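J.: Here's a structure for you.
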Amino acid sequence: MTTALITGTTAGIGAAFASRLAADGHNLVLVARDEKRLRDQAADLHDRHGVEADVLRADLSEDDGIAAVEERLGDRKHPIDLLVNNAGFGNKGRYLEAPLADELRMMKVHCEAVLRLTTAAAETMRTRGRGGVINVASIAAFFPRGTYGASKAWVVQFTQGAARDLASSGVRLMALCPGFVRTEFHARAGIKPDSVPSWMWLDADKVVTEALKDFARGKALSIPDPRYKAMTGLAKLAPRAALSVVSSNVGRPPKR
Ligand SMILES: NC(=O)c1ccc[n+]([C@@H]2O[C@H](COP(=O)([O-])OP(=O)(O)OC[C@H]3O[C@@H](n4cnc5c(N)ncnc54)[C@H](OP(=O)(O)O)[C@@H]3O)[C@@H](O)[C@H]2O)c1
Numbered sequence: 001m002t003t004a005l006i007t008g009t010t011a012g013i014g015a016a017f018a019s020r021l022a023a024d025g026h027n028l029v030l031v032a033r034d035e036k037r038l039r040d041q042a043a044d045l046h047d048r049h050g051v052e053a054d055v056l057r058a059d060l061s062e063d064d065g066i067a068a069v070e071e072r073l074g075d076r077k078h079p080i081d082l083l084v085n086n087a088g089f090g091n092k093g094r095y096l097e098a099p100l101a102d103e104l105r106m107m108k109v110h111c112e113a114v115l116r117l118t119t120a121a122a123e124t125m126r127t128r129g130r131g132g133v134i135n136v137a138s139i140a141a142f143f144p145r146g147t148y149g150a151s152k153a154w155v156v157q158f159t160q161g162a163a164r165d166l167a168s169s170g171v172r173l174m175a176l177c178p179g180f181v182r183t184e185f186h187a188r189a190g191i192k193p194d195s196v197p198s199w200m201w202l203d204a205d206k207v208v209t210e211a212l213k214d215f216a217r218g219k220a221l222s223i224p225d226p227r228y229k230a231m232t233g234l235a236k237l238a239p240r241a242a243l244s245v246v247s248s249n250v251g252r253p254p255k256r
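Every letter in the sequence shown is one number past the one before it in the UniProt record's numbering, and letter 197, counting from 1, is 197.
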């Protein structure tokens, strides 16, 4: 039986990964900050699918939290076969509206934690000659959208580069770039769902199904929806200035 460690499992895309991987028979290590929610989720997954689900409470915006997950990933007696770096959030407002401390926290969770956890996992996986890492980025990686888009662009660039560097090691890496997915993300980030056109919304379970198909195909980048694939293609051709006007306004109230 294989074991997957997922960060940010208690809601949204992470919860969809946990349900799907448990249904496929993987044991799980569930990581997030809310211990009660983690314990309830672990019990539910165990009851429904008969898998072992361990709880690891960690705040990935803190060094101690990242270190605790690194330690678990480095445990060679209980190896992790698949790491899903999924935990993440959006800050409220445009650049200079969100406090700098919140922007730095985002960089810590989206970039430093992803780098450190990927490294802890990949080192052990390379020794074993097998394993995989899925880093959840965003379609925002391809559009100018403040610190959030920039941090997700880093996730894509880092993951694609690392995937190439580890190509013959048996360790596979993939960056996952969903568009708007119905989760708790938008309420937490102060984005009003009705400000996003209904055709742009994706379902978390479908995103995970497509992502796992792409991962099985050996892709280093997954954009799990044809509409968003087309948008990304167009974005490469559009002038950056025009692109930033559109991307900085989606899901946000008009500028004062
Ligand atoms: N929803 C979208 O439209 C969308 C689109 C593209 C990409 N994404 C990306 O997908 C990932 C998951 O987002 P989601 O939409 O599923 O969000 P969500 O529903 O808000 O879930 C976020 C999860 O991350 C955990 N988390 C947040 N901050 C954390 C921290 N400091 N340390 C540890 N865990 C933390 C949360 O649990 P606790 O609060 O208990 O810690 C929760 O389990 C994120 O990386 C996001 O950027 C989302």
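For every residue, glycine included, the Cβ atom is placed at its ideal position computed from N, Cα and C. Predicted model only: the values in this text are computed from it and were never measured.
Between the stretch 21-29 and the stretch 52-59, do at least 3 Cβ pairs fall closer than 8 Å?
T.: Yes: at least three Cβ pairs fall under 8 Å.
J.: Heavy atom of ligand 1 less than 6 Å from the Cβ of residue 195, yes or no?
T.: Result no, Cβ not under 6 Å from ligand 1.
J.: In the DSSP assignment, find the beta strand (DSSP E) that holds residue 132 and state where it starts and stops.
T.: Looking at the DSSP string, the run of the beta strand (DSSP E) that includes residue 132 is 131-136.
J.: What does the Cβ neighbour count give for residue 24, buried or exposed, with the cut at 16 atoms within 10 Å?
T.: It is exposed - the Cβ of residue 24 has fewer than 16 other Cβ atoms within 10 Å.
J.: Between the stretch 173-191 and the stretch 140-159, do at least 3 Cβ pairs fall closer than 8 Å?
T.: A contact exists between the stretch 173-191 and the stretch 140-159.
J.: So, using beta-carbon positions, are residue 12 and residue 183 closer together than 7 Å?
T.: The answer is yes: Cβ separation under 7 Å.
J.: Quick one: give me the first and last residue of the beta strand (DSSP E) that residue 171 is part of.
T.: Per DSSP, residue 171 belongs to the beta strand (DSSP E) from 171-176.
J.: Output the boundary residues of the alpha helix (DSSP H) element that contains residue 238.
T.: Counting along the chain, residue 238 falls outside any alpha helix (DSSP H), and DSSP gives it neither H nor E.
J.: Tell me, please, which residues DSSP counts as bridged to residue 53.
T.: Per DSSP, 28.
J.: Heavy atom of ligand 1 less than 6 Å from the Cβ of residue 109, yes or no?
T.: Yes, the Cβ of residue 109 comes within 6 Å of a heavy atom of ligand 1.
J.: Indicate the three-state DSSP secondary structure (helix, strand or coil) for residue 249 in the structure shown.
T.: Correct three-state label for residue 249: helix.
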